[in-house]
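Below: the structure, in structure tokens.
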Amino acid sequence: MDKQIRRRFVKRLKGLTILVSCLSLIFPVSACKKNDSSQNDPNLLLGFSQIGSESAWRIGNTNDIEQQAENYGISLMFENANQKQENQIAAIRRFIAYKVDVIAFSPIVEDGWDNVLTEAKDAGIPVILVDRDISTEKEGLTTCLIGADFYKEGMMAGEYLIRKADALGLDHVNIVEITGTDNSTPMRQRQAGFADAIAGDERMQILESIDGDFLKSRGAECMRSLLEKYGDEIDVVYSHNDEMTLGALPEIEKAGFVPGKDMIIISIDGGQEAIDVLKEGKINCVVECTPKLGKELMETALKLKKGETVEEVIHPVEQIFSDEQDLSKIEPRGY
Ligand code: AHR
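The numbering of the sequence shown is the working numbering, which starts it at 109 and goes up by one.
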């Protein structure tokens, strides 16, 4: 019965793929290049559980994964967990019941996955971590991680701040940090990388770190409360993603400060909106975190289906955009 459902699902997806392919003959989209068809495998059913739609980054990541599944002719079973771990666990259980070939997911937080991943392992389904990591004592629950080096991102942010403080001749630097979702990999590692980068610099002092959950609305709330508490003592806002930064900026302006001048603003992601604001001078530095992980995901899923070994960790190359550079040269970001 399960097999029948799965066959019907794959058939339906194949039909859709054929329809989309026919449409693309009528409306060719040059930007959406198909992959070399010799590598494609329409019989590969990939179950992917996405965290939600909390940021432009996340939406860009979803679009990229859907686009690359189409390019590689892979049947994608996509589930959006709407920011809830229990929805991700339920989605993974559905993937197991459907007998997908490969499971991939972006864990919203690091803890709490052992039971469901043991079920996937017992069912013989390989699991790929996308974007974020998990914390577990158990061996062999996942095959690999495809995602950014968040620690390095935090480091790059801290190193930029030291250069900026030198350039401005600052002798004391008060920092407020708006962090991402508590117990998530980017939150932990961006915090640790930044702290380590500034640790040896006696000018640097973190006044407070506050949980903004990667959301624009929370970024605004956190900034309001930080401004009430510290006002003009704040020299730097270090925010773990663009969404929270974009929420914080209007609050800084409403409080009578000029972001980018009265306060140094450092963000992470590098989405188009933040890059535009960087060019306006209201953000000083944006560390890139690319959401374009779909190609690596599809290639890894294909290898796993063929029983090949895969690299344990795949980090994309990332860069930094800041007021130290000629910003007119930044290409459109695509997210
Ligand atoms: O895990 C990546 C982070 O999650 C991005 O920085 C953020 O924008 C997203 O919501």
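Just so it is clear, CB atoms sit at the ideal spot from N, CA and C, and this is done for glycine as well.
Because the structure is a prediction, the values reported are computed rather than measured.
Hey, quick one: how far does the alpha helix (DSSP H) through residue i stretch, first residue to last?
i	result
glutamate 267	258 to 276
methionine 295	293 to 306
glutamate 404	402 to 413
isoleucine 197	193 to 206
cysteine 59	The structure shown does not extend to residue 59, since the chain spans only 109 to 443, so no value can be given for it.
leucine 354	350 to 362
aspartate 172	164 to 179
glutamine 380	380 to 388
Pull up the distance between the alpha-carbon of residue i and that of residue j, whole angstroms please.
i	j	result
lysine 403	histidine 280	44 Å
alanine 275	tryptophan 165	31 Å
cysteine 330	phenylalanine 322	11 Å
tyrosine 446	serine 163	Residue 446 is absent from the structure shown; the chain starts at 109 and stops at 443.
proline 234	isoleucine 314	42 Å
alanine 139	lysine 260	Model confidence at alanine 139 stands at a pLDDT of 37, short of 50, so the residue's coordinates are unreliable; what they give is reported in the following sentence. If I take the Cα positions, the gap works out to 31 Å.
leucine 152	isoleucine 200	17 Å
asparagine 282	glutamate 432	21 Å
threonine 408	glutamate 361	46 Å
isoleucine 438	glutamate 416	38 Å
leucine 237	serine 157	10 Å
leucine 154	tyrosine 338	49 Å
asparagine 392	glycine 168	23 Å
valine 137	glutamate 194	In this prediction, valine 137 has a pLDDT of 33, which is less than 50 and means its spatial position is unreliable; what the coordinates show is noted afterwards. Each residue's alpha carbon lies about 38 Å from the other.
glutamate 267	glycine 160	31 Å
lysine 414	proline 399	26 Å
threonine 226	leucine 334	42 Å
glutamate 336	aspartate 319	16 Å
glycine 378	asparagine 349	9 Å
On a Cα-Cα basis, can you pick out the residue from the options that is closest to residue i?
i	options	result
serine 347	Thr289, Arg311 and Lys369	Thr289
leucine 249	Ala228, Ala328, Asn151 and Ser333	Ala228
lysine 246	Gly232, Ala265 and Asp222	Asp222
phenylalanine 302	Ala231, Ser325 and Val344	Val344
aspartate 149	Ala198, Ala177 and Lys324	Ala177
glutamine 191	Ile342, Thr226 and Ser214	Ser214
arginine 326	Ala305, Glu351 and Gln297	Glu351
cysteine 397	Asp384, Tyr443, Leu357 and Lys362	Tyr443
methionine 295	Ser375, Leu405, Ile211 and Ser430	Ser375
valine 385	Gln196, Arg298, Leu357 and Arg202	Leu357
aspartate 434	Ile383, Leu269, Gly232 and Lys400	Ile383
aspartate 340	Asn349, Glu187, Phe365 and Arg332	Phe365
Closer than 6 Å: is that where the CB of residue i sits relative to any heavy atom of the ligand AHR?
i	result
cysteine 393	no
aspartate 279	no
asparagine 171	no
aspartate 239	yes
cysteine 330	no
proline 215	no
glutamate 359	no
proline 294	yes
aspartate 377	yes
phenylalanine 429	no
phenylalanine 365	no
glutamate 162	yes
phenylalanine 322	yes
arginine 441	no
For the beta strand (DSSP E) that contains residue i, what are its first and last residues?
i	result
asparagine 188	183 to 188
glutamate 285	281 to 287
glutamate 396	393 to 396
isoleucine 254	252 to 254
glutamate 316	312 to 319
Would residue i count as contacting chain B if we go by Cβ distances under 7 Å?
i	result
aspartate 209	Structure shown: chain B not included; a single protein chain is present.
Is the stretch 240 to 258 close to the stretch 423 to 431, with three or more CB pairs under 8 Å?
yes
Looking at C-beta atoms only, is the number of pairs between the stretch 210 to 221 and the stretch 234 to 249 that lie closer than 8 Å three or more?
yes
Measuring CB atoms only, is the stretch 167 to 181 touching the stretch 356 to 372, in the sense that at least three cross pairs come out at less than 8 Å?
no
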